[in-house]
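A.B. asks:
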């Protein structure tokens, strides 16, 4: 399990380490610079030993000056390019004074170390710094960014005008949200963490790994039967979108639950029954099922809205609302969750979430973690906010799903997610764990399928076929 901190959380951890544990900030800067230098040395074996360190005037620049001093002492051809405006933080000023090497007037080197801005950047990069970043990106050098690529927000990963396109990022002390949200993964390259002794304890966002997910697939006992593994009911599909129902059902059938039931119109059921005879086909949702999912491909009609309100008031199992179910709520009553009498998971993508909350899309993208947390806390629901890095929260805990790739950026992915989550909830997982498990397994399945068929050519059916291999990989290693 990996931790991911916001900028404010990282500052608090840094202050705690300095003020409570008594480790001077200068010592932390020395450790950070040495850790970066160690990564530069590794890269130099492949890319060359002419090193340019581009330093701003803040503590990120101070890390760069330490790195330059360490490499200079070891005999590397090092130069510093001063990208500051002439103002320096106290620690940076001290490290700049200690540096006795050469200063460069142009952006050139085998390896360029980007230390212009740290994770706290909260403005658009303009002027000279924008030009410097453009030159770094055009240099052809191997680029290593310190903590986060300059120009990327540490909180949300968005590009602030222009950003360094790094080949590697050395995360100082802890991973940051900006490494994995929005544009972050496209600009950070390979991210390695440097432990410099900062103590970060708190309720941080986490990302699960295989060992964390494997516990959701306990060994099945011999003396069991289909009733032991619960029933999942899915209300999905329409004349226009019968495939949404098919994908939901297929994913649920691979989740390990005992029964999968589909509630849909006759045309959808007739289209599916031959291909999927193991499912049970109904005209109305079965409220005796352990988990009920509503929405995929249903249309955002008043009838769908009324069905959701009925479930919120009268169903006592675990309820999942996705896609057109959420669109119907946005259209007719975004506050309908106030009527709920059962645990609820919603699985919107960012545009659906924007409509549901009334927040503008840029506001959601700028703070997806807190937007999802606030909504979950307000209505007492679990939110799975789909995006390049999915956010799952119950208003307190936050899990980021980092598995998957652009093979999932196609129609049908959300339907499979809903079906698999419904199935895992039916066989006993709570809705939070079902959301975490489903997003992770589908991401892993997409990686497996696209390794053979490429992210371009992988289809929803390919990902469905990858689910079994994903579960096997997760549980057996």
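In the UniProt record's numbering, the protein residues as written are 1 to 477.
Don't be surprised by glycine CBs; every beta carbon is placed ideally from N, CA and C.
Remember, predicted model here, so these are calculated numbers, not experimental data.
1. Can you tell me the Cα-Cα spacing of residue 437 and residue 449, whole angstroms?
2. Pull the bridge partners of residue 113 from the DSSP assignment, please.
3. So, under 8 Å CB-CB, residue 356 and residue 330 are touching, yes? Tell me the CB distance rounded to an integer number of Å.
4. Quick one: what's got a C-beta closer than 8 Å to residue 261's C-beta in the same chain, skipping five residues either side?
5. Count the other CB atoms within 10 Å of the CB of residue 523; is the residue buried (16 or more) or exposed (fewer)?
6. Kindly indicate which residue of 89, 215, 376, 339 has the alpha-carbon position closest to the one of residue 314.
7. Based on the DSSP output, what are the partners of residue 495 in its beta bridges?
8. Does DSSP put residue 454 in a helix, in a strand, or in coil?
9. Quick check on residue 163: does DSSP put it in helix, strand or coil?
10. How close, in whole Å, do the beta carbons of residue 251 and residue 244 come, if the pair is a contact with beta carbons under 8 Å?
11. Quick check on the burial criterion: 16 or more other C-beta atoms within 10 angstroms. Buried or exposed for residue 484?
12. In the DSSP assignment, find the alpha helix (DSSP H) that holds residue 424 and state where it starts and stops.
13. Kindly indicate which residue of 155, 472, 149, 86 has the alpha-carbon position closest to the one of residue 163.
14. Go through its chain and collect everything with a Cβ distance to residue 208's Cβ below 8 Å, but skip five positions before and after it.
15. So, does the region 403-420 touch the region 449-463, judging by three or more C-beta pairs under 8 Å?
16. Let's see if you can read the secondary structure: which residues bound the alpha helix (DSSP H) around residue 260?
17. Buried or exposed for residue 427, please, with buried defined as at least 16 other CB atoms from any protein chain shown within 10 angstroms of its CB.
18. Is residue 275 closer than 8 Å to residue 300 when the C-beta atoms are compared?
19. At 3 residues or longer, and completely inside the region 244-305: list those beta strand (DSSP E) runs for me, N to C.
20. Residues in its own chain within less than 8 Å of residue 350 by CB, not counting five upstream and five downstream?
21. Pick from 58, 72, 136: whose alpha carbon is nearest that of residue 90?
22. Give me the residue from 130, 140, 99 with the minimum Cα distance to residue 108.
23. Taking the DSSP output, what are the residues bridged to residue 95?
24. Between the alpha carbons of residue 100 and residue 4, how many angstroms are there, rounded?
25. With residue 199 and residue 10 assumed to form a contact (beta carbons below 8 Å), what rounded beta-carbon distance in angstroms separates them?
26. Would you tell me roughly how many angstroms separate the C-alpha atoms of residue 17 and residue 63, rounded to the nearest one?
27. Taking all protein chains shown into account, do 16 or more other C-beta atoms lie within 10 angstroms of the C-beta of residue 80, making it buried, or fewer, making it exposed?
28. Is residue 158 a contact residue of the ligand COA, with contact defined as CB to any heavy atom under 7 Å?
29. With a cut-off of 8 Å on the beta carbons, I'd call residue 26 and residue 56 a contact; round off their distance for me.
C.D. replies: In this structure, then:
1. 18 Å
2. 53, 144
3. 5 Å
4. 231, 232, 233, 234, 279, 280, 281, 282, 286, 289
5. Because the chain in this structure spans residues 1 to 477, residue 523 falls outside the shown range and cannot be described.
6. 339
7. Past the boundaries of the shown model lies residue 495; the chain is included only from 1 to 477, so the question cannot be answered.
8. helix
9. coil
10. In fact, because the Cβ distance is near 11 Å, the residues do not count as touching under 8 Å.
11. Within the shown structure, residues of the chain are numbered from 1 to 477, placing residue 484 beyond reach of any answer.
12. 413-426
13. 149
14. 1, 399, 401, 436, 440
15. yes
16. Element bounds for residue 260: not the alpha helix (DSSP H) but the beta strand (DSSP E), 259-263.
17. buried
18. no
19. 259-263, 280-282, 291-294
20. 361, 364, 365, 368, 385, 386, 387
21. 58
22. 140
23. Answer is none; residue 95 lacks a bridge partner.
24. 36 Å
25. Contact doesn't hold; Cβ gap of about 12 Å is too wide.
26. 17 Å
27. buried
28. The ligand COA is not part of the structure shown, which contains no ligands of any sort.
29. Actually they are not in contact, since the Cβ atoms of residue 26 and residue 56 sit about 18 Å apart, beyond 8 Å.
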